[in-house]
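Undergrad: One structure coming up, written as structure tokens, with questions to follow.
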Ligand code: RFL
Ligand code: PHB
């Protein structure tokens, strides 16, 4: 027999989406239980995003999660685009109404959110197995799992939030789902290196041998990415080969990439994926569970947080105000933003990567577009406003 309990919102997944949702619901006085299949250490070490829109930073500050972010985050006022051996700066502060972005690693946000949740007495069940959700069209959906010690548990909820990422269990439970997908013929090899970045802002470089991105995590740690084949074994990339390729793809006169010990190395597939509706009965999807973008536009985490802001407001209205109107429009509200970000991420990806066996016509189009974006103010403004966060969401939380 399972041990039964009751909460208001059952949350599947302790990634950024699930953790932020639990935090925002708590600010509204709504209880939740988060169930996560991985260990706390694994969740806190998983290397992913680094770039936050200003709206995301403002939200984290407003809800009491900004302390370390403000101390350690690195504010950037633009990016560099490099092609044909030249580097061009796009100054977002001049191109928009003074907008900026921040480098602060997803690992750190996850760490901050787990610490805040546990300090507030919130429940996060790490290392759960056999996680399942059921009775989604009743008004008491059930979240069941085996806890870390193997004890079977069943939580009776008002609502379940599927924040369980792209490979989660919740999305397949939505009947009649429409799926839109593009798989790109390349992947990113990402490294973390103990090396002081030799650039002040991110460099997105299109090279005939493929794309490269120069990002960072702190004044002493660089985060770099190389376009590689989609099925590339990471073993084929010893550190020397990575540094040689990075030096080549970022080469300009009198400058080089600073090298150091590589502390993490992994390959990520590139995919655009949108599934809707993001709701079925009392199940709501948020973040990568419903949509994936290729990382070139740096939108995935920011989008996941936007979903969660909308969902927290909708659940507050439904569970405290007994009005399901916002819940009914949740999916459509989110998908509008998701499609804008999907277009932007596809566009950045298509402009900067060189597909295997790419048609020379395509290459000329990419270069024409890069020259346009770096010479026309109108084109640069469009990139800047999408990159820094188009139509930041308004929110009404305070810690
Ligand atoms: P996550 O982070 O995948 O979290 C889902 C959680 O659910 C758990 N889970 C389950 N738990 C219980 N039961 C099950 N059956 C479960 N199945 C799965 C998983 O263990 C996990 O803990 O999804 P979430 O919360 O929606 O967050 C999305 C973001 O992680 C993602 O969009 C970003 O990392 C994307 N991304 C970037 N986004 C940005 O906004 N800016 C960036 O600079 C940026 N860079 C990146 C990125 C993603 C990358 N990779 C590796 C995909 C750079 C890279 C290389
Ligand atoms: C990162 O720092 O990991 C990062 C930054 C910008 C991107 C993707 C990843 O577009």
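Residue numbers (our numbering): 716 to 1114. Built from N, CA and C at the ideal position, the CB exists for glycine as well.
Report yes if the C-beta of residue 1012 is less than 7 Å from at least one heavy atom of the ligand PHB; otherwise report no.
TA: Within the chain shown, the letter at position 297 stands for residue 1012. Answer for residue 1012: yes, Cβ within range of the ligand PHB.
Undergrad: If you pair each beta-carbon of the segment 733 to 745 with each one of the segment 1023 to 1038, do three or more pairs fall below 8 Å?
TA: Enough Cβ pairs lie closer than 8 Å, so yes.
Undergrad: Could you tell me which uninterrupted beta strand (DSSP E) segments, each at least 3 residues in length, are contained entirely in the segment 842 to 928, listed from first to last along the chain?
TA: Taking only runs of at least 3 residues, the beta strand (DSSP E) segments lying wholly in the segment 842 to 928 are 844 to 849, 857 to 861, 867 to 871, 874 to 877, 893 to 909, 918 to 922.
Undergrad: Rounded to the nearest angstrom, what separates residue 1148 and residue 1090 at their Cα positions?
TA: The question about residue 1148 has no answer, for the chain in this structure spans 716 to 1114.
Undergrad: Residue 770 by DSSP, collapsed to three states: which one?
TA: Numbered from its first residue, the chain shown carries residue 770 at position 55. Correct three-state label for residue 770: helix.
Undergrad: Can you tell me which of the three DSSP states residue 722 falls into?
TA: For the purposes of this step, residue 722 is taken as the residue at position 7 of the chain shown. Coil.
Undergrad: Exposed or buried, which one is residue 852 when buried takes at least 16 other CB atoms within 10 Å?
TA: Residue 852 sits at position 137 when you count from the first residue of the chain shown. Looking at its Cβ environment, which holds fewer than 16 other Cβ atoms inside 10 Å, residue 852 is exposed.
Undergrad: Starting from the N-terminal side, write out each stretch of the alpha helix (DSSP H) that is 4 residues or longer and does not extend beyond the segment 787 to 835.
TA: Taking only runs of at least 4 residues, the alpha helix (DSSP H) segments lying wholly in the segment 787 to 835 are 807 to 810, 821 to 834.
Undergrad: For residue 1000, which option in 972, 1011, 1047 has the closest C-alpha, if you only look at C-alpha atoms?
TA: Start at 1 with the first residue of the chain shown, and residue 1000 comes out as number 285. Cα-wise, what sits closest to residue 1000 is 1047.
Undergrad: Run the CB neighbour count on residue 1010, radius 10 Å, all protein chains shown included, and call it buried at 16 or more, exposed below.
TA: Taking the chain shown and counting its residues from 1, one reaches residue 1010 at position 295. The residue is buried, with at least 16 neighbouring Cβ atoms inside 10 Å.
Undergrad: Taking the Cβ atom as the reference point for each residue, do residue 840 and residue 750 lie within a distance shorter than 8 Å?
TA: Mapped onto the chain shown, residue 840 falls at position 125. Mapped onto the chain shown, residue 750 falls at position 35. It is a contact, given that the beta carbons lie within the stated cut-off.
Undergrad: I think residue 867 touches residue 717, with their Cβ atoms under 8 Å apart; what is that distance to the nearest whole Å?
TA: Numbered from 1 along the chain shown, position 152 holds the residue referred to as residue 867. Numbered from 1 along the chain shown, position 2 holds the residue referred to as residue 717. The pair is a contact, with the Cβ atoms about 4 Å apart (cut-off 8 Å).
Undergrad: Among 1075, 1012, 908, which one has its Cα closest to the Cα of residue 766?
TA: Locating residue 766 in the chain shown gives position 51, where the first residue counts as 1. That would be 1012, whose Cα lies nearest to the Cα of residue 766.
Undergrad: What are the boundary residues of the alpha helix (DSSP H) that residue 1081 is part of?
TA: The count along the chain shown starts at 1 and reaches residue 1081 at position 366. 1075 to 1088 is the extent of the alpha helix (DSSP H) around residue 1081.
Undergrad: Expressed to the nearest angstrom, what Euclidean distance is found between the alpha-carbon atoms of residue 1008 and residue 970?
TA: Within the chain shown, the letter at position 293 stands for residue 1008. Within the chain shown, the letter at position 255 stands for residue 970. Their Cα atoms are separated by approximately 32 Å.
Undergrad: Along the alpha helix (DSSP H) that carries residue 762, what are the first and last residues, could you check?
TA: Taking the chain shown and counting its residues from 1, one reaches residue 762 at position 47. Taken as a continuous stretch (DSSP letters only), residue 762 belongs to no alpha helix (DSSP H), as it is neither H nor E.
Undergrad: Taking the beta strand (DSSP E) that residue 990 belongs to, which residues open and close that run?
TA: As a position in the chain shown, residue 990 is number 275, starting the count at 1. Here the beta strand (DSSP E) through residue 990 covers 976 to 991.
Undergrad: State buried or exposed for residue 1051, treating a residue as buried only when at least 16 other CB atoms are found within 10 Å of its CB.
TA: Mapped onto the chain shown, residue 1051 falls at position 336. By the neighbour-count rule (16 or more Cβ atoms within 10 Å), residue 1051 is not buried but exposed.
Undergrad: Does DSSP classify residue 1035 as helix, strand or coil?
TA: Indexing the chain shown from 1 puts residue 1035 at position 320. Reduced to three states, the DSSP call for residue 1035 is coil.
Undergrad: Can we count residue 760 as close to the ligand RFL, meaning its CB is less than 7 Å from some heavy atom?
TA: Sequence index remark: in the chain shown, residue 760 carries index 45 (1-based). Checking every heavy atom of the ligand RFL against the Cβ of residue 760, none is found closer than 7 Å.
Undergrad: Taking the DSSP output, what are the residues bridged to residue 937?
TA: Sequence index remark: in the chain shown, residue 937 carries index 222 (1-based). DSSP output for residue 937 lists 908, 931 as bridge partner(s).
Undergrad: Can you find at least 3 beta carbon pairs, one from the segment 793 to 805 and one from the segment 1091 to 1110, that sit closer than 8 Å?
TA: With the cut-off at 8 Å, the segment 793 to 805 and the segment 1091 to 1110 touch.
Undergrad: If you measure from the CB of residue 928, is any heavy atom of the ligand PHB nearer than 7 Å?
TA: Translated into the one-based positions of the chain shown, residue 928 becomes position 213. Because some heavy atom of the ligand PHB lies under 7 Å away, the Cβ of residue 928 counts as near it: yes.
Undergrad: Quick check on residue 855: buried or exposed, where buried means 16 or more other Cβ atoms within 10 Å of its Cβ?
TA: For the purposes of this step, residue 855 is identified with residue 140 of the chain shown, where counting begins at 1. Flag for residue 855 reads exposed.
Undergrad: Does DSSP classify residue 1046 as helix, strand or coil?
TA: In the chain shown, the residue the question calls residue 1046 occupies position 331. If DSSP states are grouped into helix, strand and coil, residue 1046 belongs with the helices.
Undergrad: From the DSSP output, in three-state form, read off residue 1040 for me.
TA: For the purposes of this step, residue 1040 is identified with residue 325 of the chain shown, where counting begins at 1. Note: residue 1040 maps to helix in three-state DSSP.
Undergrad: Can you tell me the Cα-Cα spacing of residue 1084 and residue 1031, whole angstroms?
TA: Taking the first residue of the chain shown as 1, we reach residue 1084 at position 369. Taking the first residue of the chain shown as 1, we reach residue 1031 at position 316. So the two alpha carbons sit approximately 44 Å from each other.
Undergrad: Taking Cβ positions, are residue 719 and residue 869 nearer each other than 8 Å?
TA: Position 4 of the chain shown, counted from the start, is the residue given in the question as residue 719. Position 154 of the chain shown, counted from the start, is the residue given in the question as residue 869. The answer is yes: Cβ separation under 8 Å.
Undergrad: Identify which residue in 845, 872, 876 has its Cα closest to the Cα of residue 861.
TA: Taking the first residue of the chain shown as position 1, residue 861 is located at position 146. The option with the nearest alpha carbon to residue 861 is 845.
Undergrad: Output yes or no for whether 8 Å exceeds the beta carbon distance between residue 1060 and residue 1106.
TA: Against the chain shown, residue 1060 aligns to sequence position 345. Against the chain shown, residue 1106 aligns to sequence position 391. In this structure, residue 1106 does not lie closer than 8 Å to residue 1060 by Cβ.
Undergrad: Any idea which residues DSSP pairs residue 970 with across the strands?
TA: Along the chain shown, read from residue 1 onward, the residue named residue 970 stands at position 255. Bridge partners of residue 970: 967.
Undergrad: Three-state secondary structure (DSSP) at residue 745?
TA: Here residue 745 refers to the residue found at position 30 when the chain shown is read from its first residue. Residue 745: coil per DSSP, three-state reduction.
Undergrad: Looking at the strands, I want to know which residues DSSP matches up with residue 942.
TA: The residue given as residue 942 occupies position 227 in the chain shown. 903.
Undergrad: How would you call residue 731, buried or exposed, if buried means at least 16 neighbouring beta carbons within 10 angstroms?
TA: Start at 1 with the first residue of the chain shown, and residue 731 comes out as number 16. Buried.
Undergrad: What residues in its chain sit with their C-beta under 7 Å from that of residue 945, if we drop five residues either side in the sequence?
TA: If you number the chain shown from 1, residue 945 lands on position 230. So the list reads 900, 901, 902, 984, once near-sequence residues are dropped.
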